[in-house]
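Since the structure comes first, as structure tokens, the remarks are kept for the end.
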Amino acid sequence: SNATIFSMIQPTGQFHLGNYLGAVRVWKDLCDLKSSNNKNDVKLLFGAADLHAITIPKPDAKSFKKTRLEAIASLLSIGIDPKKAIIFTQSGIKQHAELHWILSTFASMGTLNRMTQWKSKAATNDLNNVKLGLFSYPVLQAADILIYKATHVPVGDDQAQHLECTRTLAGLFNNCYKTNLFPLPKTMLAPTKKILSLSNVEKKMSKSDPNQNSLIYLNDPPESIQRKIKKAVTDSITDHFNYNPIERPGLSNLINMISGVQRKSIQDVEKDFSRFNNYRDLKSYIADILIEHLREPRENFNKLVGNPDFLESVIKNGVEAASEIAEKNIQEIKKTMGF
Ligand code: ADP
Ligand code: NA
65 SNATIFSMIQ
75 PTGQFHLGNY
85 LGAVRVWKDL
95 CDLKSSNNKN
105 DVKLLFGAAD
115 LHAITIPKPD
125 AKSFKKTRLE
135 AIASLLSIGI
145 DPKKAIIFTQ
155 SGIKQHAELH
165 WILSTFASMG
175 TLNRMTQWKS
185 KAATNDLNNV
195 KLGLFSYPVL
205 QAADILIYKA
215 THVPVGDDQA
225 QHLECTRTLA
235 GLFNNCYKTN
245 LFPLPKTMLA
255 PTKKILSLSN
265 VEKKMSKSDP
275 NQNSLIYLND
285 PPESIQRKIK
295 KAVTDSITDH
305 FNYNPIERPG
315 LSNLINMISG
325 VQRKSIQDVE
335 KDFSRFNNYR
345 DLKSYIADIL
355 IEHLREPREN
365 FNKLVGNPDF
375 LESVIKNGVE
385 AASEIAEKNI
395 QEIKKTMGF
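With this note's numbering applied, the sequence shown closes on residue 403, and no number is skipped along the way.
What follows is the structure, given as structure tokens:
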């Protein structure tokens, strides 16, 4: 097969357990698969979505540079291998923005207005304050994917609607120019359920959440993990730790986290939990699992951020490789349109 697997993550802060289970560990698994099966015909591209990162309140230039490097360090720290995947920063490849413009002439305001992420992020109908860039975020995301003619996009399920939008735009372009230029990219949903905020189960765990207690960061020190899990919202039933996302969302979120980290079924995690009869002991057990699992990534991360030149060289190589594909494709796209 000639699969091109593409995904990105916003460098807007440290990566958290939701990013890990919903996205970046899947990317690592794909790298591992590539070596063991020797699937050299599968192209892997994983990036830091730094153009998307300025659609929210803008970071200052200095810390933005730092967070971008840390994002790359995080990808490497969990075992994503730059020899197997093209690792890049979105802003290094100008064709993303070029295709964004072209696709924006296909995207209807109605479709974009129905995006639930837009609705939750804009959270206002005040047209003087919501920005065009945030509204057209899914169009840029479509451009990100289609500029590489990606066939598969591994993401968490919060991104499923955006990928639907990508397929719509690809289809509109193909129909308009009677071409099959763009493959309709498939959503590769992560096996783990969406991870929720530890302090408010109405929300997903997200980098943009200002409440740091609601997230487990991949490089959280052990004490932070202990403290945050201890504080995590649960319930007062302690005789039976069963999975019930509707009635026991806090507990079920913890079960999802452990099931994801340990790659165990929900039933097996419930079985493991059944020997506890209070949340204090259960939570300390959960924290220990997370601390142990994140030990190696945390150590790797701390080493990598001490070597910015190496990180820059990884980005430079990745940007070069991605640009080559993107330039070939944008030329084909523009030729198809008569430019
Ligand atoms: P964030 O909302 O934390 O800024 P991004 O928008 O950068 O995350 O998303 C990066 C990837 O992480 C996407 O594939 C997304 O689906 C996944 N992801 C983000 N938050 C979660 C979550 N809480 N649970 C599962 N996957 C998530
Ligand atoms: Na986000």
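Every residue gets a Cβ at the ideal spot worked out from N, C-alpha and C, and that includes glycine.
All figures in this text were calculated on a predicted structure; none of them were measured in a lab.
Nearest Cα to A149 within the set D284, A385, N371 and Y343: A385. CA-to-CA, the gap between I144 and K258 works out to about 22 angstroms. V203 sits in a helix when the DSSP states are folded into three classes. A check of alpha carbon separations from K158 across K126, A171, Y212 and V297 identifies Y212 as the nearest. DSSP, reduced to helix, strand and coil, places S71 within a strand of the structure shown. Residues of the same chain with a CB within less than 7 angstroms of the CB of E228, apart from the 5 flanking positions on each side, do not exist. Judged by DSSP in its simplified three-state form, A112 adopts strand.
Under the three-state reduction of DSSP, P313 is assigned to helix.
If you check the CB distance, V90 and I73 do not come in under 8 angstroms.
Secondary structure at V369: helix, using DSSP grouped into helix, strand and coil. Distances between the C-beta of M269 and the heavy atoms of the ligand ADP include at least one below 7 angstroms. Annotated as proximal: V333 and I319, with beta-carbon spacing under 8 angstroms. Taking 7 angstroms as the cut-off, one finds no heavy atom of the ligand ADP near enough to the beta carbon of H160. Contact annotation: the segment 284 to 295 does not touch the segment 306 to 317, with fewer than three C-beta pairs closer than 8 angstroms. Scanning its chain for C-beta atoms nearer than 7 angstroms, with the 5 sequence neighbours on each side dropped, one finds around S278 the residues S261, L262, S263, N264 and M269, in chain order.
Around the Cβ of P361, a 10 Å sphere holds 16 or more other Cβ atoms; the residue is buried. Contact check for Y281 against F79 passes: the beta carbons are separated by less than 8 angstroms. Put simply, of G197, Q326, N364 and D299 the residue whose alpha carbon is nearest the alpha carbon of R344 is D299.
Per DSSP, reduced to three states, the secondary structure at H226 is helical. Beta-carbon to beta-carbon, L245 and E396 are separated by about 7 angstroms, close enough to satisfy the 8 angstroms threshold. As the crow flies, the alpha-carbon of H116 is around 28 angstroms from that of Y241. In the DSSP assignment, the residues bridged to H216 are I69 and K250.
Here D284 is buried: its Cβ has 16 or more other Cβ atoms, across all protein chains shown, within 10 Å. A direct Cα-Cα distance of roughly 26 angstroms separates D105 from L375. If the five residues before and after G77 are omitted, its C-beta is found closer than 6 angstroms to the C-beta atoms of K271, all from its own chain and listed in chain order. The Cβ atoms of P146 and G382 sit closer than 8 angstroms to each other. Distance between E388 and G156, taken at the CA atoms: about 12 angstroms.
For I136, no beta strand (DSSP E) encloses it; the enclosing alpha helix (DSSP H) starts and ends at A125 to S141.
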